[in-house]
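Inspection log for the structure reproduced underneath, given as structure tokens.
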Ligand code: RTP
Ligand code: MG
């Protein structure tokens, strides 16, 4: 299995619930390593640019409003098959449909306040990692 990097965000609802550490534990227990991390309060422009692929969707305004509502924790995860592994740990977008034991099933409230983001393909992972981190901010180990 290929070693990969993926971009993960702990969203404002989960930061407010004080479960950053619990979510990091899930990454670590699954064999994913945090190789870069920062806490940010996203501006409207940063959130709009990050989610640009969704700008024509009806929920875009709500998504940007939610993502700018409080601080987020942004990290690069590295490991075997990291992109799919992180998506598996996260669970379905709508927490009501997320499998038991996933991050969204355990910590999310709604399809908007759904605790975490994870890149969904190698192309989006590359774009999203570069959106938040310069190469000298990433520490492979
Ligand atoms: P994310 O990008 O945040 O990791 O979530 P995802 O891949 O599971 O879902 P995506 O389709 O990329 O949608 C991005 C975020 O937009 C909100 N959303 N709302 N009301 C709706 O139908 C709807 N669909 C998506 C969610 O908060 C989702 O995480
Ligand atoms: Mg997505």
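Residue numbers (this note's numbering): 3 to 143. Here a beta-carbon is modelled for each residue, glycine too, at the ideal position from N, C-alpha and C.
Given the structure, does residue i come close to the ligand RTP, in the sense that its CB is under 7 Å from one of the ligand's heavy atoms?
{"i": "residue 134", "result": "no"}
{"i": "residue 9", "result": "no"}
{"i": "residue 61", "result": "yes"}
{"i": "residue 119", "result": "yes"}
{"i": "residue 104", "result": "no"}
{"i": "residue 56", "result": "yes"}
{"i": "residue 95", "result": "yes"}
Keeping to the same chain, check which residues put their C-beta closer than 6 Å to that of residue i; ignore five residues upstream and five downstream.
{"i": "residue 11", "result": "74, 76 and 119"}
{"i": "residue 16", "result": "109 and 117"}
{"i": "residue 43", "result": "73"}
Run the proximity test for residue i: is its beta-carbon closer than 7 Å to any non-hydrogen atom belonging to the ligand MG?
{"i": "residue 114", "result": "no"}
{"i": "residue 122", "result": "yes"}
Applying the criterion that 16 or more other CB atoms from any shown protein chain within 10 Å of the CB defines a buried residue, is residue i buried or exposed?
{"i": "residue 13", "result": "buried"}
{"i": "residue 85", "result": "buried"}
{"i": "residue 6", "result": "buried"}
{"i": "residue 130", "result": "buried"}
{"i": "residue 3", "result": "exposed"}
{"i": "residue 135", "result": "buried"}
{"i": "residue 28", "result": "buried"}
Excluding sequence positions up to five away, which residues of its chain have a Cβ less than 8 Å from the Cβ of residue i?
{"i": "residue 33", "result": "81, 82 and 87"}
{"i": "residue 89", "result": "120 and 122"}
{"i": "residue 142", "result": "37 and 80"}
Grab me the residues of residue i's own chain with a C-beta within less than 7 Å of its C-beta, minus the 5 sequence neighbours each way, in chain order.
{"i": "residue 64", "result": "114"}
{"i": "residue 139", "result": "38"}
Please determine if the stretch 22-29 and the stretch 50-69 are in contact, where contact requires at least 3 C-beta pairs separated by less than 8 Å. no
Any chance the stretch 78-96 sits against the stretch 106-125, with 3 or more Cβ pairs inside 8 Å? yes
May I ask you to verify whether the stretch 76-88 touches the stretch 35-43, counting CB pairs closer than 8 Å and requiring at least 3? yes
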